[in-house]
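First up is the structure itself, then whatever we jot down about it.
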Amino acid sequence: MAQLDIVDVGHSYTPGAEEKQWALKPLRLTFEAGKTYALVGPSGCGKTTLLNILSGLVKPSQGQVLFDGVDVTALPTKARNIAQVFQFPVIYHSMTVYENLAFPLQCRRWDKARIDAKVHQVAEALDLDDRLGQPARRLTADDKQLISLGRGLVRDDVAAVLMDEPLTVIDPQLKHSLRRKIREITEQFQPTVIYVTHDQYEAMSVAQEVLVMRDGQAMQQGTPEQLFEAPSSAYVGYFIGSPAMNFLTLDRAHQEFTLGGRTLAVAWDIPGSTSEVQVGIRPEYVKVVTEPGPNTFAARLRGVQDHGPQRVLEIDVAGQPMKAKVPREDGVPAIEEFLVHLPRAKALPYSDGYLVLQS
Amino acid sequence: MRPRLYPVFKYTVIALWACFVAGPFFWAMTTSFKDANAVQGGATYLPWIQYQPTATGWRNIFGGAGGIDVIQPFLNSAIVTIAASAISLVLGSLAAYALSRYRFKIGFIKNSDIVFFFVSQRIMPPVVLVIPFFYLLQWAGLLDTIAGLVIVTVALLLPIAVWVMVDFFNGIPREIDEMAMLDGCGPLQTFVRAILPNSLPGLTVAAMFCAVFGWNDFFFAFRLTFTEVQTLPQAVVALNSSIPPWWTLSAAALFGVAPLVLLAIWVERYLSKGNLSGAVR
Amino acid sequence: MTLSATDLSLTVDGVDHLKSVTATFEPGRLHTVIGRTMAGKTTLLRALAGLQEVDSGSLTRDGADLMRTPVWRRDTAMVYQQFINYPHLSVFGNVAFPLRRQGLSRDEIQRRVSKSLALVGLTGFERRKPSQLSGGQQQRVAVARALARGTGILLLDEPLANLDYKLREQLRDEFKTLFSDQGDTIVVYTTTEPAEAMMLGDVVLVMHEGRILQVGPPQEVFERPATTTVASIINDPPMNIFPGRIEGGQVTVAGFQATHVSAHLAQLPDGAYQFGLRATDVSLASAGVEGAVTFVEISGSETFVHAAVGKTPFVIQIEGIHDVALGDLVKLRLRPERLYAFDEKGSLVRTPSYDLVSVGGR
Amino acid sequence: MYGLRRHKSMFLLPGLLTLLLIIIFPLLFTIRVSFSGWNVSSPQMDFIAGANYAAMLHDSRFWSAIMRLILLAGGTVLIQYVVGFGMALLVWRDVRGRRFWRVLFLVPMMTTPVVMAAIWQMIFHESLGPLNDLLGMLGLTKVAWLTESGPALVALMTVEVWQWTPFMFLLLLAGLLSLPKEPFMAAAIDGADVWRTFWKVTFPLMAPVSVAAVIIRLIEASKLSDSVYVLTSGGPGSSTETPGYYLYIQGLRDQQTGYSGAMSLTYLVLMIVTLTVVAAMLTRALKLKGHS
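Protein chains in written order, with our numbering: chain A, 2 to 360; chain B, 20 to 300; chain C, 1064 to 1425; chain D, 45 to 336.
So, in structure tokens, the structure goes:
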């Protein structure tokens, strides 16, 4: 396993294009050794380009890729010592499960006994040890993906395991268990993993750190909890979490922020020069209350979505739409107008779509 | 193999094979501009340098003295090929669609057996068919007619059309048919309005194979048509007598294969677009 | 205009796809059919559409037999999971296709296509080919085509299953308004997602292994699942179902005294039961039954912690997103007042009460 | 689906009946005529039981034609496959002038076999042809290409290889172009060299296309007769005769209709049996069953 550094790497598929049209805008990232990272974003966000740059399939227009400090930018895939799991399961059709797992080691001319020991070790971890003699093509798609992963794990010097939407063609019922298996395996073997997906929940379930991308830019890198609690942009607030984060535009009066004329007590202070300020708050933190108090605001009910254990209340606060997620047992307010509480600690400031950093 | 040597090896092999492939065409081309003297003097290759070119051969195939007229055979070949291909494509796609979409079960015979029956007709040697065909066409009064030849050629081409189209239709999601029916199309309309418009790549590949095998057929034309209807291959082979008028033969041969050689350019374009891969499986 | 299925059965290769399915579908209502993959939902829709022949049973519309009406005369539209559109036609052509078959005038076609493309938010995309659209847009075209015809029966087969979460969330919201406005149309909508079924459905039908297990308004099915299977299907994550006993005022699970018996179970005799408890009603606490974390997953804005108590697996749902390490030992607190009791065969015996503040606003 | 039963035959029957009508009469006719003594001097449908079949059993010219065909077809199809696959691999990916090579390598299959055989006849001409001229330049002795049995077979095979390698090339190249690129990336990542990549990735992935292509070519090759007619007329002697050509001589030139009918059927049955067995063997050898 290795630490991967992306140093000012940017890429454009059409040479000479303006930087704002690049598929991947110049960025600087570090993926620490032994951790699992997820790259997530909608199609066309640059995550696949970044993965291809790491694997050596695409040579970036600018910048350097370092594996443990060694510049590998010009090296082809073969020389990078990486492993990759693709969207569609790739196995060697004519070989058994054992031969598939042994193949990378045979190519490296390991001796038989050493191969045998390693293959059995990995097969056991993957729960494939009882099927080693079967033709690999007979296995189900999810087991084939495990073989792909296993071919990377048998090489104990592998720099990184790249996974490109590995659950795409897996039967919905098996997705869950394969995701779980991948998580277990990566915890056990601790390779450096870069996991690309368009599914935010898959990303957060599989990875220790998530990198949210959009339009060729890295929007935010952090643990799932960080992305949820403190999205650095309105986009991440929308992209992570369901329903999305609420954003309400605030008025500024003297030293205070107000919403519909009432004061919103906040835990931050931002320069007066900042243009329009919005408060971001997760629907989970919006509480329906009966007693007026600090940070309570009049709300008007527009609709209710029954999600089962929770209900999502669609409400208007100070003429602006927002959502509140409430436990089922709390019921639905009997009257159309009621009060909601926006906790001070959970209300974050945004301006021009980005979190305003507090000094 | 050393990486450096590999390109050298690769281009050498390609060049050698290219020479082998192109050789006969080059020889035909150069010979078509020769006359009796140039041919009798032994093999020569380069006009002006090794021999004085003339256009005798080319004049002869367009009705010149001592030659033939290739225009009528050309037209005959074209008519037979086009008519037989069209009939085969229509009947073939209909049958292929049925075999791809509906389940047939007549006793132990299932869909795959019917498909096999169609395709297996390609195994039938022409020589086995030609004598009965002779009497059949004679009885029907179609011997030595274009219509007779078209009917026989359909037997050659229909299996090809079915083979290509079954595979192609299998690649079109059935949901499209279902959707068309839900949208109010009866079975025939479903086929015509929803499936056929999406089948152009398959139809073109099938048409190409039909054209190649239809145009290049010799044996049936040779035994079932004589004086009234001569196809192009027949006309060329007739020139191949014991004392060969090589220049005329060469010109006629080049003229006869030219239309389909042009087809190769177009096939390649198709191949590069990946449209053939679906049809060839 | 009622559509009735009676005793529909279909067995293929020994597997029951439909098993004595009897159901009535009312005009102007949206019926969500929820079940896991392969529960027979798609087969049911296809049978309703006439695309699938069944072994036995009957299908009537207003009492008139429908079985012998071919698909193309059934007045039914369907939206598939896989965004099926006519690849050779433009967006306009796709939506106009069924209208042309009905022989409508040019102006009428133009009007209806524009209206229904506007409904799904695709105005301006008329000339594009489906292949030039994103998955979400392709599915909108399919929905527009289905709506434009104004058929009496509208079937949607997991229309959102192949879309990204965010898009799914967005379309789900749009569908709610879209389908609430369809007049007398009978809408049948299949899904594997409880939230989708609950949110969209006027009536929820729970299917499992080819059978319909329960039918009712979403609220009722959710709060009073008739069996453990229904309870598990209508909850995401599936409701925790675990065997246990009621003994001397205590609920024991796998030998542990898990919690006391709350009022709603007090009347039950001692003995063996199966208990059901939603993931939201288990919490991590400083005291309680001990379990080991086996897996943590994140869905929406919730964290699902999977933990094993002895050999019994539990799922705990925590609001918000949290880091919990695999292998950690945690204490689970089971909320006694939220326990469902089922008998050993899995039929509902007692439910916790939802003291509803109100059900207004719907 | 209700309502479709009536329609499905409507689609199938026109094609199926057309083919049946075209094929069934010749087949029945041939079966009947094979039990008759129909020949040029008495062209009538009498009944002589299995006399034709008995005569055929002792007709060594027929049986050696069959054996010759099996060797010719097997040999040329093998060469076509190896060369066709090789050329397809060479022009598959990065090669300069890719489109030109591809078009050129396709051209021969588009040309009329009999017409090209006439051209080849010139090329193989002993004194005036270019082949011997070129051999002479290389200091080699002239070969009597078409009048000696060994060289005549070589000539015939050369023409077959020239004509039909492009067909293999077409099918195999189309197959190669439809292959996904991931398996090749996976092999590169696993550290496989060119040789391993071919045998462990390319060849197994191409197995289904290969089997299809080889079988199609074997079917077509089993009918070999047109080129023989033009190139050597089966000669010298009967040393290049194929069953197709021998049947032509017996049935059409000498009008031994009954006898040729018996041989036709035997030939047909033998070819069907052989090809079925070969197809089954190839399929099994490449473990195609169970492929997705």
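Note that the Cβ used here is the ideal one computed from N, Cα and C, for glycine as well.
Would residue i pass as a contact of residue j if the rule is Cβ separation under 8 Å?
i, j, result
"V123 (chain A)", "V155 (chain A)", "yes"
"L1162 (chain C)", "I1172 (chain C)", "yes"
"I316 (chain A)", "R329 (chain A)", "no"
"A105 (chain B)", "Q140 (chain B)", "no"
"V1078 (chain C)", "V1142 (chain C)", "no"
"L268 (chain B)", "L258 (chain B)", "yes"
"C108 (chain A)", "G119 (chain D)", "no"
"T284 (chain D)", "L197 (chain D)", "yes"
"V1096 (chain C)", "V1251 (chain C)", "yes"
"A1086 (chain C)", "V1359 (chain C)", "no"
"L268 (chain D)", "L249 (chain D)", "no"
"K60 (chain A)", "V197 (chain A)", "no"
Along chain B, in chain order, which residues have C-beta atoms closer than 9 Å to that of residue i?
i, result
"D234 (chain D)", "By Cβ distance, chain B contributes nothing, its closest Cβ being about 20 Å from D234 (chain D), past 9 Å."
Going along chain A, which residues have a C-beta under 8 Å from residue i?
i, result
"A230 (chain D)", "Q85, F87, V91, S149 and R152"
"L249 (chain D)", "H94"
"D1227 (chain C)", "P43, H199 and D200"
Consider the Cβ of residue i: report whether some Cβ of chain A lies at a distance smaller than 8 Å.
i, result
"P1281 (chain C)", "yes"
"V253 (chain D)", "no"
"R137 (chain D)", "no"
Quick one: list the residues of chain D neighbouring residue i, beta-carbon separation under 7 Å, in chain order.
i, result
"F104 (chain A)", "D234"
Report the neighbours of residue i on chain C: residues whose CB is nearer than 8 Å to its CB, in chain order.
i, result
"N217 (chain B)", "Y1149, P1150 and H1151"
Which chain C residues sit within Cβ distance under 7 Å of residue i?
i, result
"A213 (chain B)", "Y1149"
"G205 (chain B)", "W1135"
Counting only beta-carbon separations shorter than 8 Å, does residue i have a partner in chain B?
i, result
"Q1200 (chain C)", "no"
"L326 (chain D)", "no"
"V32 (chain D)", "Outside the modelled stretch of chain D, which goes from 45 to 336, sits residue 32 (chain D), for which no answer is possible."
"K225 (chain D)", "no"
"L1167 (chain C)", "no"
Using a Cβ-Cβ distance under 8 Å, would residue i count as near chain D?
i, result
"V89 (chain B)", "no"
"L180 (chain A)", "It should be noted that the sequence gives Arg, not Leu, for residue 180 (chain A). No, because no Cβ of chain D sits closer than 8 Å to the Cβ of R180 (chain A)."
"R132 (chain A)", "no"
"T78 (chain A)", "yes"
"R141 (chain B)", "yes"
"R109 (chain A)", "yes"
Is any beta-carbon of chain C found at less than 8 Å from that of residue i?
i, result
"Y30 (chain B)", "no"
"P244 (chain A)", "yes"
"G238 (chain A)", "no"
Name, please, each residue of chain C whose Cβ falls closer than 9 Å to the Cβ of residue i.
i, result
"D128 (chain A)", "The contacting residues do not exist; D128 (chain A) stays about 15 Å from chain C at best."
Indicate, with yes or no, if the ligand FAD has a heavy atom lying under 7 Å from the CB of residue i.
i, result
"P225 (chain A)", "Ligands are entirely absent from the displayed structure, and the ligand FAD is therefore not among its contents."
Which residues of chain E have a Cβ atom closer than 7 Å to the Cβ of residue i, listed in chain order?
i, result
"R1341 (chain C)", "Here the protein chains are A, B, C and D, and chain E is not one of them."
Please compile the residues from chain B whose C-beta is within a distance smaller than 8 Å of the C-beta of residue i.
i, result
"G279 (chain D)", "In chain order: nothing, as chain B lies at least about 13 Å away."
Closer than 7 Å by beta-carbon distance: list the chain A residues that pair up with residue i, in chain order.
i, result
"L1389 (chain C)", "E188"
Could you list which residues in chain B have their beta carbon closer than 7 Å to that of residue i, in chain order?
i, result
"K267 (chain D)", "P144 and P145"
"Q1173 (chain C)", "None at all; the shortest Cβ gap to chain B is about 18 Å."
Using a Cβ-Cβ cut-off of less than 7 Å, list which residues of the region 180 to 203 of chain B approach chain C; keep chain order. P192, E194, I195, E197, M198, M200, L201, D202 and G203
Which residues, taken in chain order from the region 49 to 69 of chain D, show a beta carbon closer than 7 Å to some beta carbon of chain B? H51, K52, F55, L56, P58, G59, L60, T62, L63, I66, I67 and F69
Along the region 291 to 310 of chain D, what residues have a CB closer than 8 Å to any CB found in chain B? L291, Y292, G295, L296, T301, S304, G305, S308 and L309
I'd like the ranges of any beta strand (DSSP E) spanning at least 3 consecutive residues and lying wholly in the region 68 to 130 of chain D. none
If the cut-off is 8 Å on Cβ atoms, which residues from the region 192 to 225 of chain A count as contacting chain C, listed in chain order? Result list: H199, D200, Q201, Y202, M205, S206, T224 and P225.
Interfacial residues, the region 1362 to 1395 of chain C to chain A, with Cβ spacing under 7 Å: S1362, G1363, S1364, E1382, G1383, I1384, H1385, D1386 and L1389
Of all the beta strand (DSSP E) runs that stay within the bounds of the region 143 to 172 of chain A, which reach a length of 3 or more residues? 161 to 165
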